[in-house]
Amino acid sequence: MHSMWQLSIGVTLFLMVVTSEARRDSVTFRDNGYEGVTVAISDRTPPEQCPFLIRSLWKLFSEASSTLFRVTRNLAYFRSVRIKLPAWWDHNQCSISASQLKKSWGTEDPDVIVGPQSPLHGDNPYTPQPGGCGKKGLYIHLTPDFLKDLNATAKKYGDPGRVLVREWSKYRYGVYDELGYPGDPMYPSFYTSYDHEGKPLSKPTGCTNKPIQGERVCDEKGRCVFRPSTEPENNLVTSSMMYLQHLPYIEDFCDEDSHQKLVPTKHNLLCGGQSIWEVMRKHPDFQKSTPSRSVPFSNPVFEYVQAVSRRIVLVLDHTQSMGQDNRWSSVRRATYRMMELLKKEEELEGTVRGHQGRGDHPTRVGIVHTAATITETRPLTPVTQLPIASASLIARYQSGEEQRCIACGIREALKLLSREGEPASGAEIIVVSQELNLGDQLEKIKEEVIRSEVTLHAIVFPESSFREIQELSRITGGKVFSLSRTEPATSMVEILNAYENIIPLNNIITISEEEVKPVPGGREKISGRFQVDPSLSPPLSVMVYYKDPRLGPSSLKLTSPSGVTFEDFTTTIYYAADMILVEQNPLQSGRWEWEVELVASDVAVVQVRAQVPHRSGADPFTLRVWTSWDDLRSPSIPDPKSEPLIVYAQVEKGPSPVIGANVLAVVLRGSSFGNDSVSLKLLDNGLGDPDVQQGDGIYSNYFSSFLPTEAKYEIYVRVDDNEGAAKMVRATGRTHRAIPTDPDICSDACCGSTVGDPDASPTPSFQRYRAGLSLVVENPPLQDVYPPNKITDLSAEVWLEYNRITLKWSAPGGDYTKGKASHYEIMYSDELWVVLEGRGKVLTGTEVPHPEPYGSKQEVDVYVGYEDGIFRYGHVYFFAVRAFHGKWSAMSNIVQAALPHPHVETEGGRDGEEDSLGNVLMHTGLSPEEWIGIIVACVLFVLLMLSLALFCCLRRRSPSKKPLFQGEEDKEKEKPTSVSTISGPEFIPASQLLEEHERRKSMVKGSSSSEHLHQNGVLGVGVPVVNCYEKMAAGYPGGYQERFFLHEESTLCDSRTSLHSDSRKVRNVTQV
């Protein structure tokens, strides 16, 4: 008997499973041309829109192809585009002849989706990019309204072809926008730099090869953006396509020569200060490509594809050895259950198609049993017509033959797919087999499988170091699943989960899944809870899978939120399970409870499911799960020591992101030493490492808890409403991601590190469950090889009145986001490149804070002095932080800060000020409303002073019962009566009162409002508070913030040790 623990360890890591969310790429890059770019039109799109969509897509890709060729310096263009029409459309409405239309199911993931608008982005193009720099995006999204009138689109965004190239660059090459977003804490619209005297200068966030002229424009909410002018001087600006693609002469990306590493863009932060072109040149498409010497194209070739019914053939290993560990029994039970679920799914989908007037295209399934030869076959049959109630659908017992001819089974599957005159292309074959004693049989049919254009998936019991079936599956773009469970119930559910990952169920939702095991030697009642939300419809099913039909539970009970109990359950025939069905319509929302009494000591699995309603507006909560390793095709990579594993989950209700949810990944770890589980909380915090954007409904985190021995890891994700804290985003108020030409639209750009403060409503209580990745790590790291995650939000605040610079950041973990680091290193220099190269001076002293757990806010103060201090007036200093925990983290983003000489007056708001880059900022001074505010404040202050003087005067007029001061001689002369005299009033100069008032104000950080300090985010004349939130990175991630701060401590004396308050945070201070 072989086990997974006896496998060869010739490679460091072997990826055994790809989740249902792994993206299969249909695009090939050959001789400078992209072939097979797939555009999928959503099923929700009305067919009458087909003619203009086809015309617009043809024009859009034709224009984008020539633009892409130019901006990639003759390296790439679009050679062919495949437009995938909804299955229910009549192709005649599209003016497409039958000869032009290819019928195919197609398992590839689309590169471009044409569908309804998004609550986050409206009708504007966008590309979700959760994977980080250089990683492929999820897809490009366009709406019918964007495509409807490209002339109108051009007025709004500029050349639509450039917009598509911009999104393609993000999707394919993993680059990011080079612009700022109003109010964004990490990528602001404007940031602050300093001149040679330390005076702050405000600059627009962006990357250009030449100085660009323009003005700051703001909306009524005070959100400001930079609007380029139409002056002829801007005609010299040719980059960057990721910043101002709508300008007429933009035709390039920023490269090493034109890139500006100091600018706080998302690209700088996430790509370590590299230019767009540097990142693109490292992409595999371009590593071995040479520029074409001539224009090799006219327009892309367009192919039209329409989905037909999905065709699947199961190839089941029927050999004698499948009897070990009850493998054949588990395969048979799981296959019956999957066919039952798929039949129900098709019935529900047929109802939907009927409501929408669509044709019926049910999934067809064929079955092949194979051993030394083909033992049984069942031709392709609509799944709704499969005899699921028949015991002969799947052979009850394995065959007596031991020789295994999987190649025979695959050839038979290809014959079944071609038997009705249809080509096999676009169909799928699922091989469920032991991977043992195969020899070179699959090598002999590899070319035949590739030519047939089928997708081959593998569900295997891994017992060979050669992994022949898995390799063939990856070549065809299929999914690979490894099986290791030996308990009958868990083994059956493991295979069922693999089936569901290949054939996802869209109308049947898994609410929860839980393994239960009683104490040995006796009966035990075990209970659990789950949430039903209003988006679900009956029947609600609670099913208990167990080992043997003869040893099923003695009781099963379900209790509704109102206390109604359901105890009548049915026992299935072909897979050992008991089930309670609740047909109430509507289902009662709230917390339900189940209770099961087990009579055997074997593990059982309790699974809860419900259906998606088909009424209008009843969008369900959905959960998608994937990882950073899903798209890998080679078993020798990644290495967990060099390529970290990141788990992702996307939570939505219909098209709306769900924010504030509790998303937990449970990782089951199995090795020869036993099994355990590790919980990993997934985050949506937008700090950039690993979560790129807060509020988009995509949660992520690093997994670093690998065992020091060969082990298998299974990832399951659970999500709930976080005790009422979860919200559904309806709209952000920022609906434009591409840069439009209208400045009023620009002020609503979406989205940088966060979606901001969206229009969101609380979700009802809900719960979802999803099986994800399964993998085997054969040669794991034995030492601490994981560094702390990168600090991405380092910021600096300058306090002129205290001669102080405050550095702030969020604490990293110890192993990425896990735990906490050992200590920090704070590096600084007055030379940028010294810090970039890691050669800056290190801030020393006991005041450098000790690391706190991941996500904690930390800070340290440094003081600026004259010639005898380390930090001097009038000098610009660059700071960076890194953390140590066995290994050093990557250097943080770099921030710069300066305090001007006391005699230097800040002039952040001069009209027509030109910054050091030559960017012209046309400011108009204070607005009338702000002048009115200042005048009113002054009048109120004068009235206050007059009132105070009058009060003092009246007080002095009042008679005194006793002299204020008496000498001994006066006491001796004291008489029964006294005479009071009125002295003249004592006048206190207003200047003295103002001086005293200002002195007291200086004891605190300032008022609660900073509006009087700036005009639309620009420092006013003579204002002493300096915004120093400029951040940068090159070689290391960089990010920047533009904020205006006032000190807000309620008491602040000259001595820091005089502060005593339980609620006050202890500040770390470095006095230099």
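Sequential numbering from 12 applies to the sequence shown in this note's numbering.
We put the CB at the ideal spot given by N, CA and C, even for glycine.
- DSSP lists Leu675 as the bridge partner or partners of Lys692.
- With respect to Gln542, Arg485 sits apart: the two C-beta atoms are not nearer than 8 Å.
- By alpha-carbon distance to Val82, the top candidate from Ala51, Ala424, Gly126, Arg173 is Arg173.
- Of the residues assessed, Phe684 falls on the exposed side of the cut-off, its CB having fewer than 16 other CB atoms within 10 angstroms.
- DSSP, reduced to helix, strand and coil, places Cys762 outside both helices and strands of the structure shown, so it counts as coil.
- Per DSSP, Arg66 is one residue of the alpha helix (DSSP H) stretching across 61-82.
- With 16 or more other Cβ atoms from the protein chains shown falling within 10 Å of its own Cβ, Glu479 counts as buried.
- With a cutoff of 8 Å on beta-carbon distance, Thr138 and Tyr88 are scored as not near each other.
- Annotated as distal: Leu449 and Val460, with beta-carbon spacing of 8 Å or more.
- Close CB contacts of Ser436 within its chain, under the 8 Å cut and outside five residues either way in sequence, are with Ser115, Ser463, Glu464, Val465 (chain order).
- Taking the Cα positions, Gln298 is about 6 Å away from Arg292.
- Judged by DSSP in its simplified three-state form, Tyr556 adopts strand.
- Rounded to the nearest whole angstrom, the CA to CA distance from Tyr205 to Lys272 is 15 Å.
- Of Lys232, Arg620, Asn790, Glu482, the smallest CA-CA separation from Ser548 is found for Arg620.
- Each of Gly706, Asp230, Pro211, Tyr202 was checked against the Cα of Cys218, and the nearest Cα belongs to Tyr202.
- Contact check for Leu453 against Ser475 fails: the beta carbons are separated by 8 Å or more.
- Between Ile506 and Ser341, the beta carbon gap of about 6 Å places them in contact (Cβ cut-off 8 Å).
- Counted as a single uninterrupted DSSP element, the stretch harbouring Phe777 is not any beta strand (DSSP E), since DSSP gives it neither H nor E.
- The C-alpha of Leu64 is placed about 37 Å away from the C-alpha of Gln285.
- A residue is called buried once 16 or more other Cβ atoms fall within 10 Å of its Cβ, and Phe882 is buried on that count.
- Beyond the five residues adjoining it in sequence on each side, Ala672 comes within less than 6 Å, by CB distance, of Val662, Val730, Asn733, Ala737 in the same chain, given in chain order.
- Among the bridge pairs identified by DSSP, Leu175 is matched with none.
- Under the three-state reduction of DSSP, Glu208 is assigned to coil, being neither helix nor strand.
- C-alpha of Ser110 to C-alpha of Asp170: approximately 33 Å in a straight line.
- Note on geometry: alpha-carbon atoms of Gln60 and Val674 lie some 39 Å from one another.
- Cβ-Cβ separation between Leu190 and Val740: approximately 22 Å, too far for a contact (criterion under 8 Å).
- Under the three-state reduction of DSSP output, Phe577 falls in the strand class.
- The C-beta separation of Val616 from Ala500 comes to about 5 Å, placing the pair in contact by the 8 Å criterion.
- Distance from the CA of Glu863 to the CA of Val614, rounded to the nearest whole angstrom, comes to 41 Å.
- Residue pairing by DSSP places Trp637 opposite Tyr659 in a beta bridge.
- Here Ala165 carries a helix assignment [DSSP, helix/strand/coil].
- Sequence-distant partners of Val312 (beyond 5 residues in either direction) whose C-beta falls short of 8 Å from its own C-beta, in its chain, are Arg90, Ser91, Val92.
- Shortest Cα-Cα distance from Thr249 to any of Val873, Ser180, Cys265 involves Cys265.
- A straight-line Cα-Cα distance of about 10 Å links Gly849 and Leu843.
- At the C-beta level, Tyr835 and Tyr713 stay beyond 8 Å of one another.
- Contact annotation: Leu691 and Asp702 have beta-carbon atoms that are not nearer than 8 Å.
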